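For the sequence shown, the UniProt record's numbering puts the final residue at 115, and the numbers step up evenly by one.
All C-beta atoms, glycine included, are put in the ideal place defined by N, C-alpha and C.
Remember, predicted model here, so these are calculated numbers, not experimental data.
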Amino acid sequence: RQAPSRALYVLFLDVRAVVNARRADVASAPQARPVLDGLPEPEEDFSPLQLEFIREIYREKERLPLLISSFCPQIYGQPLVKAALLLSLLGGVPLRSDDSETLRRRGDLHVLLLG
Numbered sequence: 001r002q003a004p005s006r007a008l009y010v011l012f013l014d015v016r017a018v019v020n021a022r023r024a025d026v027a028s029a030p031q032a033r034p035v036l037d038g039l040p041e042p043e044e045d046f047s048p049l050q051l052e053f054i055r056e057i058y059r060e061k062e063r064l065p066l067l068i069s070s071f072c073p074q075i076y077g078q079p080l081v082k083a084a085l086l087l088s089l090l091g092g093v094p095l096r097s098d099d100s101e102t103l104r105r106r107g108d109l110h111v112l113l114l115g
């Protein structure tokens, strides 16, 4: 008898086909050809303007001030408050239990804003 699941989410995949990408000859395999022919052509993920924006951010030496100013742009000023909230959202210590089968969870956020 299996123990009840302790997962915090249910994994759902809507799949048309599964192809083993680790095999080098998958594209030439006869059974894979109908599957690969039925797939739509891959769309370009990013426009040239978006790629240039990504490269510009990559070249930036100090990214934290950029992230802070981009976080909640409706709130003017308060960079320390925004930095604390941003680091709380992105950071955190994972919760661990003795059972290695349980799902790793991120620790709870504890933020108190006054003023």
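So what does DSSP say about residue i, is it helix, strand or coil?
i	result
residue 59	helix
residue 71	coil
residue 81	helix
residue 12	coil
residue 46	coil
My guess is that residue i and residue j are in contact by the Cβ rule of under 8 Å, so how many angstroms apart are they, rounded?
i	j	result
residue 82	residue 71	5 Å
Identify every residue that forms a DSSP beta bridge with residue i.
i	result
residue 94	106
Distance, Cα to Cα, residue i vs residue j?
i	j	result
residue 77	residue 88	18 Å
residue 86	residue 68	7 Å
residue 105	residue 84	21 Å
residue 79	residue 51	28 Å
residue 15	residue 110	39 Å
residue 90	residue 107	11 Å
residue 75	residue 18	46 Å
residue 13	residue 47	28 Å
Under 8 Å between the Cβ atoms of residue i and residue j?
i	j	result
residue 63	residue 57	yes
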